[in-house]
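Engineer: Respectively, the protein sequence lines represent chains A and B.
For the first sequence, numbering that gives the first Met the number 0 assigns the number 0 to the initial residue and increments by one for each residue that follows.
For the second sequence, numbering that gives the first Met the number 0 assigns the number 0 to the initial residue and increments by one for each residue that follows.
Please find one structure pasted underneath; my questions will follow.
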Amino acid sequence: MSRLAAKFEELSQNGRKALIPFITAGDPNPAFTVPMMHAMVKAGADVIELGVPFSDPMADGPVIQRASERALAHKMSLRRTLEIAMEFRRTDTKTPLVLMGYLNPIEAMGYEGFANAAQRADVDGVLTVDLPPEEGEACAAELKARDIDTIFLLAPNSSAERIKKMGEIGSGYLYYVSLKGVTGAGHLNTADVEQKLKEIRANASLPVGIGFGVKDAETARTVAGIGDGVVVGSALISHIEANPDDPERAKSAIIAMLSAMRQAMDN
Amino acid sequence: MTNKYNMPDARGHFGPYGGTFVAETLIRPIQELNEAYHRYLQDSDFLAELDADLQHYVGRPSPLYYAERWSRELGGAQIYLKREDLNHTGSHKINNTVGQALLAKRMGKTRIIAETGAGQHGVATATVAARLGLECVVYMGAVDVARQSLNVYRMKLLGAKVVAVESGSKTLKDALNEALRDWVTNVDNTFYIIGTVAGPHPYPAMVRDFQAILGREAKQQCQEMTGRLPDALVACVGGGSNAIGLFYPFIDDESVKMYGVEAAGDGIETGRHSAPLSAGRPGVLHGNRTYLMADDDGEIIETHSISAGLDYPGVGPEHSWLKDTGRANYVAITDDEALEGFYALTRMEGIIPALESSHAMAYTMKLAPTMNKDQIIIVNLSGRGDKDMQTMAKREGILL
Chain A
0 MSRLAAKFEE LSQNGRKALI PFITAGDPNP AFTVPMMHAM VKAGADVIEL GVPFSDPMAD
60 GPVIQRASER ALAHKMSLRR TLEIAMEFRR TDTKTPLVLM GYLNPIEAMG YEGFANAAQR
120 ADVDGVLTVD LPPEEGEACA AELKARDIDT IFLLAPNSSA ERIKKMGEIG SGYLYYVSLK
180 GVTGAGHLNT ADVEQKLKEI RANASLPVGI GFGVKDAETA RTVAGIGDGV VVGSALISHI
240 EANPDDPERA KSAIIAMLSA MRQAMDN
Chain B
0 MTNKYNMPDA RGHFGPYGGT FVAETLIRPI QELNEAYHRY LQDSDFLAEL DADLQHYVGR
60 PSPLYYAERW SRELGGAQIY LKREDLNHTG SHKINNTVGQ ALLAKRMGKT RIIAETGAGQ
120 HGVATATVAA RLGLECVVYM GAVDVARQSL NVYRMKLLGA KVVAVESGSK TLKDALNEAL
180 RDWVTNVDNT FYIIGTVAGP HPYPAMVRDF QAILGREAKQ QCQEMTGRLP DALVACVGGG
240 SNAIGLFYPF IDDESVKMYG VEAAGDGIET GRHSAPLSAG RPGVLHGNRT YLMADDDGEI
300 IETHSISAGL DYPGVGPEHS WLKDTGRANY VAITDDEALE GFYALTRMEG IIPALESSHA
360 MAYTMKLAPT MNKDQIIIVN LSGRGDKDMQ TMAKREGILL
């Protein structure tokens with residue numbers, strides 16, 4: 000069983016929901032990321048989504064766009080993101096780690112080369128924003144051959160037929176994009192999300208993480224009541240942005256926010 | 000017209016290129032667009048309305064003009080200019096926006112968005128939106144807003160909201176990113192009019208089909224004027240919509256050579272250029288697989304060209320296919336050479352071309368003398384140079 004599947008099963012047995020923080024690798028600098036990842040695990044993160052910086056993050060709002068820009072200014076890349084993943088694994092062999100990014104860096108490395116590198120880094124899942132299932136078979140097959148989960152996005156306008164398809168070819172979990180928009184946008188509508196989750200549950204058996212629009216402990220609690228996991232990115236990264244000269248302060252603020260989310264979700 | 004050539008396939012693939020590489024939220028609107036596009040391109044009412052608009056609003060057909068003096072001066076092939084500069088709004092861009100706007104209306108969309116580089120597509124979009132009474136938002140890189148301020152003003156006059164995009168390199172690619180972000184947020188009421196033959200399927204094929212009218216006209220006009228097919232076609236390539244519009248109806252005519260002219264900027268060897276077909280590699284950006292300017296890590300490289308409309312790191316996937324199959328040739332022209340083309344056409348024929356089209360003129364100056372006097376080149380004069388007066392005056396040290 001993959002680390003992701005095992006983690007969701009364990010959580011489910013304990014009646015808990017997954018807290019899934021997202022940070023961009025190398026933001027605000029490469030040395031920041033691994034200690035931040037360990038600290039997030041300590042603060043209650045169940046799975047970590049590590050963003051691979053890309054020059055043209057089309058599905059991201061301004062906060063994650065700027066995180067990518069800061070990381071790229073330090074020459075961060077897919078290759079160096081994989082090195083960060085490997086370094087994280089030296090001291091944490093338990094926490095599932097998912098790479099989230101865009102296709103072109105993977106294309107440049109080649110699907111096979113990327114899958115090999117991800118396996119070496121002991122990465123558990125890959126979520127490629129601009130690689131829907133109809134174009135993604137070749138890449139998913141390379142990952143699957145190495146027991147790495149391919150995680151697909153579902154959107155408010157995904158049809159039942161597509162949900163079924165993602166549930167079949169995806170693994171690990173499904174990432175439900177709670178609103179029509181970019182990361183960090185507006186407020187999610189709880190009733191809409193509940194409604195859609197019923198449709199997703201009826202068509203797919205994978206655990207569902209919900210992201211886009213999770214802003215604070217309160218939304219984390221609400222979303223945890225609906226899905227199997229809560230993904231939070233922009234709200235965390237905004238602390239990095241707010242403390243440009245003091246990464247340690249950013250780190251403390253991120254930990255405080257995650258701890259509050261963890262508490263709100265568990266109570 | 001084209002019989003043998005049947006690209007793309009049902010999923011929008013031109014061999015390994017093209018396709019639908021988008022985030023999940025855009026899958027449904029793209030499917031809806033694809034269905035509407037296939038339905039209405041067979042619909043006689045839609046086609047009649049499109050034809051009437053192209054004739055009475057755009058001013059089609061545009062002339063095929065024999066540039067006699069310039070041909071004599073260059074001393075080789077006879078040069079014919081396809082006068083897309085004479086269209087309403089001053090470029091070929093309106094052929095496509097008229098078509099897509101009619102589609103938007105049929106689909107019940109009330110809001111139009113677009114990206115623009117030089118501003119020609121933005122103006123052409125704002126124009127059709129004004130005419131149909133649709134809300135219009137145009138995304139334009141902040142760098143381009145500064146260098147194409149006349150077109151910004153035109154768009155505002157036409158009632159469009161122009162959003163200056165400050166992210167990334169602040170040029171066309173970033174405007175496209177921002178338009179995609181808008182679309183994902185407002186999918187229910189918004190129609191995204193992409194200005195070139197790029198983006199996810201069906202855009203590359205749909206924009207080509209709307210632009211192919213200029214190639215069909217050129218083919219017929221050339222037959223009428225000279226009794227034969229041309230020997231060569233020349234067009235500038237940024238995303239490549241004017242070039243594909245000219246090339247497409249000739250693809251099966253194997254005697255007709257095709258030359259797509261990319262922007263070499265300061266020179267290919269300097270790295271400061273916008274020539275993915277000449278010096279890039281295949282990758283995925285903005286919804287399709289195509290030749291791109293990217294580094295070894297797959298990050299997109301900043302591009303450079305004197306012409307905002309060619310300042311783009313990708314190119315339409317069909318051009319990638321035509322390059323790999325050898326059906327079309329892709330060459331590159333530097334900023335300085337483009338300026339020579341600009342002045343040559345202006346002084347020899349009394350026609351001021353857009354800086355984008357000037358790249359095609361500059362290549363024609365190289366190509367024509369290598370050909371015989373009984374041979375024919377059709378060059379796409381894709382836009383007029385009015386929008387570039389400030390850029391040119393500034394280069395000459397003149398304050399307007």
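Ideal placement from N, C-alpha and C gives every residue a C-beta, glycine not left out.
Answer yes or no: do K81(B) and L380(B) have a C-beta to C-beta separation smaller than 8 Å?
Structural biologist: On the second sequence, position 82 is the one that residue 81(B) refers to. On the second sequence, position 381 is the one that residue 380(B) refers to. It is a contact, given that the beta carbons lie within the stated cut-off.
Engineer: Please classify M257(B): does DSSP put it in a helix, a strand, or coil?
Structural biologist: Numbered from 1 along the second sequence, position 258 holds the residue referred to as residue 257(B). The answer is strand: DSSP assigns M257(B) an E or B state.
Engineer: Please check the pair E382(B) and A353(B), which I expect to be a contact at CB under 8 Å, by giving their CB distance rounded to whole angstroms.
Structural biologist: Numbered from its first residue, the second sequence carries residue 382(B) at position 383. Numbered from its first residue, the second sequence carries residue 353(B) at position 354. The residue asked about is misnamed: residue 382(B) is Gly in this sequence, not Glu. So it is a contact: roughly 4 Å between Cβ atoms.
Engineer: Hey, G308(B) and E355(B): beta-carbon distance below 8 Å or not?
Structural biologist: The residue you call residue 308(B) lines up with position 309 of the second sequence. The residue you call residue 355(B) lines up with position 356 of the second sequence. Their beta carbons are under 8 Å apart, which means G308(B) touches E355(B) by this criterion.
Engineer: Within its chain, find whatever has a CB closer than 7 Å to the CB of D91(A); leave out the 5 residues flanking it on each side and keep chain order.
Structural biologist: Start at 1 with the first residue of the first sequence, and residue 91(A) comes out as number 92. Closer than 7 Å at Cβ, skipping near neighbours: H37 and V40.
Engineer: Going by beta carbon distance, what residues of the same chain come within less than 7 Å of D251(B), once the five residues before and after it are set aside?
Structural biologist: Start at 1 with the first residue of the second sequence, and residue 251(B) comes out as number 252. Only residues of its own chain outside the window of five on either side were considered, and among them T1, N2, K3 and Y4 have a CB closer than 7 Å to the CB of D251(B), listed in chain order.
Engineer: Closer than 8 Å, CB to CB, is T124(B) near chain C or not?
Structural biologist: Looking at the structure shown, chain C is missing, and the protein chains on hand are A and B.
Engineer: Once DSSP output is grouped into helix, strand and coil, what is the label at S90(B)?
Structural biologist: Counting from one through the second sequence, the residue named residue 90(B) turns up at place 91. It is a strand residue.
Engineer: Looking at V137(B) and A123(B), is the spacing between their C-beta atoms short of 8 Å?
Structural biologist: Within the second sequence, residue 123(B) is the residue found at index 124, counting from 1. Within the second sequence, residue 137(B) is the residue found at index 138, counting from 1. It is not a contact, given that the beta carbons lie outside the stated cut-off.
Engineer: Ordered along the chain, which non-local residues of its own chain (more than five positions away) have a Cβ less than 8 Å from that of M85(A)?
Structural biologist: The residue labelled residue 85(A) in the question sits at position 86 within the first sequence. Closer than 8 Å at the Cβ level, and outside the excluded window around M85(A), lie R119, A120 and D121.
Engineer: Please list, in chain order, the chain B residues whose beta carbon lies closer than 7 Å to that of E134(A).
Structural biologist: On the first sequence, residue 134(A) is found 135 positions in, with the first residue counted as 1. Listed along chain B are G18, T19 and F20, each with a C-beta nearer than 7 Å to that of E134(A).
Engineer: Could you check the C-alpha separation between L228(B) and C221(B) for me, to the nearest Å?
Structural biologist: Along the second sequence, read from residue 1 onward, the residue named residue 228(B) stands at position 229. Along the second sequence, read from residue 1 onward, the residue named residue 221(B) stands at position 222. Those two C-alpha atoms are separated by around 6 Å.
Engineer: Look at the alpha carbon of L273(A) and the alpha carbon of P312(B), and state the distance between them as a whole number of angstroms.
Structural biologist: Because chain A spans 0 through 266 in this model, residue 273(A) falls outside it and cannot be assessed.
Engineer: Shortest alpha-carbon distance to S233(A) belongs to which of G185(A), E160(A) and Y110(A)?
Structural biologist: The count along the first sequence starts at 1 and reaches residue 233(A) at position 234. Selected option, being the one with the closest Cα: G185(A).
Engineer: Hey, is L187(A)'s beta-carbon within less than 8 Å of any beta-carbon in chain B?
Structural biologist: The count along the first sequence starts at 1 and reaches residue 187(A) at position 188. For L187(A), the answer is no, since every Cβ of chain B falls outside 8 Å of its Cβ.
Engineer: Taking any Cβ of chain B, which residues in the stretch 56–76 of chain A have a Cβ under 7 Å from it, in chain order?
Structural biologist: M57, A58, Q64, L71 and S76
Engineer: Compare the C-alpha of A274(B) against each of I305(B), H285(B), G286(B) and G58(B) and name the closest.
Structural biologist: For the purposes of this step, residue 274(B) is identified with residue 275 of the second sequence, where counting begins at 1. Looking at the Cα atoms, I305(B) is the closest of the given residues.
Engineer: DSSP puts E134(B) in a beta bridge; with which residues?
Structural biologist: Counting from one through the second sequence, the residue named residue 134(B) turns up at place 135. Looking at the DSSP assignment, E134(B) forms a beta bridge with R110(B).
Engineer: Excluding the five sequence neighbours on either side, which residues of its own chain have a C-beta within less than 7 Å of the C-beta of M75(A), listed in chain order?
Structural biologist: Against the first sequence, residue 75(A) aligns to sequence position 76. Closer than 7 Å at the Cβ level, and outside the excluded window around M75(A), lie A24, G25, P29 and P52.
Engineer: Would you report the Cα separation of Y123(A) and L173(A), rounded to the nearest angstrom?
Structural biologist: The residue labelled residue 123(A) in the question sits at position 124 within the first sequence. The residue labelled residue 173(A) in the question sits at position 174 within the first sequence. Note that residue 123(A) is Asp in the sequence shown here, rather than Tyr. Between D123(A) and L173(A), the C-alpha separation is close to 14 Å.
Engineer: Only counting runs of 4 or more residues, tell me where the alpha helix (DSSP H) segments fall wholly within the stretch 29–74 of chain A, in order along the chain.
Structural biologist: 29–41 and 61–72
Engineer: Closer than 7 Å, Cβ to Cβ, to anything on chain A: give me those residues from the stretch 173–203 of chain B, in chain order.
Structural biologist: N176, L179, R180, V183, T184 and V186
Engineer: Can you tell me whether DSSP reads M154(B) as helix, strand or coil?
Structural biologist: In the second sequence, the residue the question calls residue 154(B) occupies position 155. In the structure shown, the three-state DSSP call for M154(B) is helix.
Engineer: Give me the Cα-Cα distance between Y432(B) and K92(B), rounded to the nearest whole angstrom.
Structural biologist: With chain B represented from 0 up to 399, any question about residue 432(B) goes unanswered, as that position is not in the structure.
Engineer: Does L77(A) come out as helix, strand or coil in the three-state DSSP assignment?
Structural biologist: Translated into positions along the first sequence, residue 77(A) becomes position 78. Reduced to three states, the DSSP call for L77(A) is helix.
Engineer: Which of helix, strand or coil does DSSP assign to M6(B)?
Structural biologist: As a working note, residue 6(B) is residue 7 in the second sequence. Coil at M6(B), not helix or strand.
Engineer: Quick one: what does DSSP say D148(A) is sitting in, helix, strand or coil?
Structural biologist: As a working mapping, residue 148(A) is identified with position 149 in the first sequence. Here D148(A) carries a strand assignment [DSSP, helix/strand/coil].
Engineer: Anything in the stretch 288–318 of chain B with a Cβ closer than 7 Å to a Cβ of chain A? List those residues in chain order, please.
Structural biologist: Under the 7 Å Cβ criterion, the stretch 288–318 of chain B contributes A293, D295, D296, G297, E298 and I299.
Engineer: Just to confirm the assignment: which complete beta strand (DSSP E) runs, minimum length 3, are found wholly within the stretch 212–252 of chain B?
Structural biologist: 231–235
Engineer: Assuming P20(A) is part of the beta strand (DSSP E), what are its boundary residues?
Structural biologist: The residue labelled residue 20(A) in the question sits at position 21 within the first sequence. A17 to T23 is the extent of the beta strand (DSSP E) around P20(A).
Engineer: What does the alpha-carbon distance come out to for the pair V222(A) and T189(A)?
Structural biologist: Against the first sequence, residue 222(A) aligns to sequence position 223. Against the first sequence, residue 189(A) aligns to sequence position 190. Approximately 8 Å between the Cα atoms of the pair.
Engineer: E400(B) touches chain A at which residues, Cβ-Cβ below 7 Å?
Structural biologist: Examination of residue 400(B) is not possible in this model, given that chain B is present from 0 through 399 alone.
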